[in-house]
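Residue numbers (this note's numbering): -18 to 590. Using N, Cα and C, we set each Cβ at its ideal position, and we do this for glycine too. Computed from a predicted model, the values in this text were never measured in an experiment.
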């Protein structure tokens, strides 16, 4: 298979067209074929270890997620299937449901005995819904009945209280329209599942385009590839205007923020969990174009999506066998959650949602338009999240400052989750992984030199150019933190309350390696004068060695203020960070800042109890 030629007239930024997307989908699907079980029901991909659900569950995952990719590819082509993708998955459906829960070479795990199967049931159901006239309607009646029976337990309440509720919603959406194979009682159960699932996520809707992923403050890409994706796509496929009128505007509001999370080079900001899904980050923009609920022009939508897909495929997201790896570019074990196995990365299939748009749709035919990160410097708070976005047009780099997003495990026995607990993330660097020092972290140092964790962040305030939060690194000690941004400059302030006098502290900056952007850190107040380069190793961006700048200081009383200037830039030979701003500190404390271009700002760091 040869990649189609680039089209720089239509796609000036990426060169890619719909043909490139179809080619990429086919290559991914053909690459997994050698790993199918005898009947094609399980696709057991090679990997360093199985997920915590075990190898059989991983095989189902490989089947279900690539089945979704095949469904998008074939449905987008109006049923044209020159590679025979659907025939293979039809055989797998028959074999996998023959004896679910058995130990045969093709037997699927039973629902709900294997909890992960609930996740995969959604991909199976959605793929069947998308390809109904070419696959489901042509299956033998006994196979349809067995598949329906296997899916049915997913209509029960979710076993995990987060975005998992939407897997039952997706199964219900298919069973409501599955035809004669469905027990009449399934229709009522499916309707109840839809209502129950949507009611549950309503508890996590915070407005301005953002959900929390469960009863915590977990904000990440799950907003785009799950919490908006499933309700809006269900409403669209069902032709349910009332639901689409409710959830479509929420998607539109989210996309107004989401589009800013993409670097000029196509990379989304790597923050949160499940980053191995990579170009699934393009799913929500495509969904906006599919439903009409988007603030993005058609050319901007394709530029974002094609830029993201090409970014990863050009940087080694697939191995020598054409398989998606457990990492960001190449394999990166610290990035991988215990629930992920070798088939997990194929949730990236959602990023191919744009294939459902017909070839003549403006999203495929209009000229590409630049991303926001390419057009102008931007500082933007992201709704109620406590996240502050900072981009610079000179290098197209995106930074995300975190003063409000947590994870349910943040601060737990395993320490901080590097996807949620850092003070900042960027598209071209980090985060570091244990046992390396944490990047973009403020810590109290114990007598043995070990650093405190951040733990849950309590958001205090966000504004157009700032964000503030507090955390408790040790019992009785409170740290109030703030960031003020302008251009490429970041003023980072931390007020330490209640720590014993003489307690050592450390602020780290952006981790970089050879060939990466320039990382700068400059002590302004409270720190010693020198900057230390801490040796660090691999990050999701690539192998080490890397270095992480750090400044050190010590508390001088019950309330001690520490201020530093930081910068991450792709500009060549950047001016030193020390010249980015003049800072004057008064009682309160209030910081009066004059940026290098003469713009003035002030920042009050609250001393809340």
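In the structure shown, residue 192 adopts extended strand secondary structure according to DSSP, grouped into three states.
Its chain contains 333 and 336 as the residues whose beta carbon lies nearer than 6 Å to that of residue 53, once the 5 sequence neighbours on both sides are disregarded; these appear in chain order. The alpha-carbon of residue 216 is positioned some 14 Å away from that of residue 149.
In this structure, the straight-line span from the alpha carbon of residue 274 to that of residue 229 is close to 5 Å. By the C-beta density criterion, residue 322 is buried, having at least 16 other C-beta atoms within 10 angstroms. Residue 72 sits close to residue 21, with the two beta carbons spaced by under 7 Å.
The stretch 442 to 451 and the stretch 368 to 384 touch, with no fewer than 3 CB-CB distances between them shorter than 8 Å.
Rounded to the nearest whole angstrom, the C-alpha separation of residue 233 and residue 326 is 26 Å.
Listed in chain order, the beta strand (DSSP E) elements of length 3 or more contained wholly in the stretch 519 to 556 are 527 to 535 and 540 to 550. For residue 317, same chain residues with a beta-carbon under 7 Å away, outside a window of 5 residues either side, are 257 and 307 in chain order. Taking 7 Å as the cut-off, the Cβ atoms of residue 473 and residue 424 do not count as close.
Closest by C-alpha distance to residue 64, out of 3, 106 and 311, is 3.
If you compare the alpha carbons of -3, 200 and 38 with that of residue 437, the shortest gap goes to 200. Taking the C-beta atoms as reference points, residue -6 is found nearer than 7 Å to residue 284.
If you check the CB distance, residue 463 and residue 584 come in under 7 Å.
The stretch 212 to 227 makes no contact with the stretch 375 to 382: fewer than 3 CB pairs, one atom from each, lie closer than 8 Å.
Taking each of 192, 459, 196 and 588 in turn and checking the Cα distance to residue 142, the smallest one comes out for 196.
Each of 68, 60 and 123 was checked against the Cα of residue 80, and the nearest Cα belongs to 123. Considered as a whole, the stretch 353 to 409 harbours 359 to 362, 368 to 373, 378 to 383 and 405 to 407 as its complete beta strand (DSSP E) runs of no fewer than 3 residues, in chain order. The C-alpha of residue 168 is placed about 5 Å away from the C-alpha of residue 157. A residue is called buried when at least 16 other Cβ atoms come within 10 angstroms of its Cβ; residue 429 does not meet this threshold and is exposed. A residue is called buried once 16 or more other Cβ atoms fall within 10 Å of its Cβ, and residue 588, having fewer, is exposed. About 7 Å separates the Cβ atoms of residue 559 and residue 546, confirming a contact at the 8 Å cut-off.
Just so you know, the alpha carbons of residue 419 and residue 412 end up roughly 8 Å apart.
Taking every protein chain shown into account, the CB of residue 548 has 16 or more other CB atoms within 10 angstroms, so this residue is buried. When secondary structure is reduced to three states using DSSP, residue 137 falls in the coil class, being assigned neither helix nor strand.
Annotation for residue 566: the continuous beta strand (DSSP E) segment containing it runs 562 to 567. Counting only the Cα atoms, residue 174 lies some 6 Å from residue 136.
Under a 10 Å Cβ-count criterion, residue 349 is classified as buried, with 16 or more other Cβ atoms of the shown protein chains found around its own Cβ.
With 16 or more other Cβ atoms from the protein chains shown falling within 10 Å of its own Cβ, residue 90 counts as buried. The Cβ-Cβ distance between residue 346 and residue 358 does not fall below 7 Å. A check of alpha carbon separations from residue 132 across 155, 202 and 501 identifies 155 as the nearest.
In the DSSP assignment, residue 13 falls within the unbroken alpha helix (DSSP H) covering -1 to 13. In this structure, residue 282 sits near residue 270, with a CB-CB distance shorter than 7 Å.
Non-local beta-carbon contacts of residue 529 in its own chain, meaning distances under 7 Å to residues more than five positions away in sequence, involve 413, 418, 420, 489, 490, 492, 515 and 517 in chain order.
Per DSSP, the continuous alpha helix (DSSP H) segment holding residue 293 begins and ends at 279 to 294.
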